[in-house]
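Data block below; observations after.
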Ligand SMILES: *Cc1c(COP(=O)(O)O)cnc(C)c1O
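In the working numbering, the protein residues as written are 1 to 423.
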């Protein structure tokens with residue numbers, strides 16, 4: 001008999017985020033259509049987390065495919081240093097229309113981590129070009145910004161950073177403001193700003209994804225942002241996860257009055273079709289790189305920068321996102337989440353539930369254990385029930401594609417309730 005994909009996988013592949021000795025198997029998916037994933041045995045799963053928050057318009061979305069196909073047959077790849085092309089120009093125009101008002105420049109990267117990496121380098125060189133040496137970043141405890149060195153350094157979730165700790169930049173960490181600790185957080189910031197030369201503050205606006213979809217209030221974050229803006233510290237919003245409608249507005253930064261200087265985007269940017277990321281910034285940052293000295297330019301580049309095919313996917317995404325139908329779906333999911341939130345909160349095993357836009361997170365009481373066997377048990381329970389959910393520690397969270405049907409979303413809720421009751 002032919003070996004299965006699952007068996008062939010084990011011969012040569014090394015998966016990300018995995019201890020292969022204790023977790024040798026990977027599920028082989030052969031098809032994705034809309035909200036449904038199909039495995040090699042023909043079993044179907046509802047993709048309740050949009051394949052890591054990317055496929056917000058459903059898998060193999062027709063509109064995105066058409067845009068990509070047209071581009072595939074026109075211009076596949078061209079270096080972006082000294083060359084330009086219609087998809088990149090068009091995408092920059094469309095993005096600037098929807099990004100917070102102060103953004104005016106689009107810089108291309110390959111993935112979320114490198115978008116953060118470029119943002120960090122931009123901030124450091126911005127000060128450097130102006131003749132100031134600033135060497136410290138402020139970041140939230142439990143923040144996540146990616147796995148390359150700079151991104152790893154600013155990430156506060158350091159459980160897996162052990163071997164690299166000695167090679168990371170110096171970061172000052174503050175707790176996320178929660179209303180109760182606001183005064184303390186501002187005092188900490190005051191002390192940091194006095195003591196260090198701070199280049200910038202990097203934050204996941206309103207939702208800390210990898211920390212377990214932890215949601216905080218816009219008015220609390222606003223306090224931190226306006227405090228730092230007054231002290232001339234650059235604000236770097238990592239919207240890799242929150243961008244493109246997730247929080248009910250186009251960008252999470254739209255919920256706050258103080259707008260970021262630099263924004264990192266990826267994940268939903270191409271609707272999951274192809275990898276790409278963007279670091280946008282305001283004109284003033286760009287201007288600090290203009291000089292007759294060549295070396296004051298931003299000498300940071302990835303070979304596939306502004307790949308035309310990826311750009312064509314993103315152009316389709318922006319069009320889809322702004323349709324009335326899609327905005328209506330986002331509102332509908334937001335409403336369904338808040339109704340379910342009230343219901344599930346009555347369950348004794350549930351500690352807290354929060355939701356913002358299409359993101360819903362349920363934290364269970366700690367008797368469930370963190371990253372223990374129970375987490376694996378909950379995971380396989382969901383998969384057996386045909387719902388692809390990926391609990392993070394004690395937190396079960398949903399971030400369904402915007403196009404999900406009511407029936408499918410209700411099925412997800414039902415399976416979550418069942419899991420909490422039975423486990
Ligand atoms: C996923 C994520 C990243 C890293 O993006 P990759 O494409 O996985 O490198 C960075 N920041 C945030 C907030 C993310 O959610």
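For glycine and all other residues, C-beta sits at the position ideal for the given N, C-alpha and C.
Bear in mind the structure is a predicted one, so any value in this text is a computation, not a measurement.
- Straight through space, the alpha carbons of residue 164 and residue 151 are spaced by roughly 12 Å.
- Membership of residue 154 in the alpha helix (DSSP H) is indicated by the continuous run 149-154.
- Under the three-state reduction of DSSP output, residue 280 falls in the strand class.
- In the DSSP assignment, no residue is bridged to residue 319.
- Residue pairing from DSSP leaves residue 292 without any beta-bridge partner.
- Nearest C-alpha to residue 210 among 394, 217 and 143: 143.
- Contact annotation: residue 243 and residue 277 have beta-carbon atoms that are not nearer than 8 Å.
- The nearest non-hydrogen atom of ligand 1 is 7 Å or more from the C-beta of residue 317.
- In this structure, ligand 1 has a non-hydrogen atom nearer than 7 Å to the beta-carbon of residue 241.
- In this structure, the straight-line span from the alpha carbon of residue 315 to that of residue 95 is close to 9 Å.
- A straight-line Cα-Cα distance of about 29 Å links residue 57 and residue 25.
- Counting only runs of at least 3 residues, the segment 336-364 fully encloses the following beta strand (DSSP E) elements, listed from N- to C-terminal order: 350-356 and 359-364.
- Between residue 138 and residue 198, the beta carbon gap of about 6 Å places them in contact (Cβ cut-off 8 Å).
- Secondary structure note for residue 126: it is in no beta strand (DSSP E), and the uninterrupted alpha helix (DSSP H) holding it is 112-129.
- With distances taken between CA atoms, residue 240 lies nearest to 272 out of 304, 272 and 188.
- Under the three-state reduction of DSSP output, residue 19 falls in the coil class, being neither helix nor strand.
- Secondary structure at residue 261: coil, using DSSP grouped into helix, strand and coil.
- By the Cβ test, the segment 320-333 is not in contact with the segment 67-84, since fewer than three Cβ pairs between them sit closer than 8 Å.
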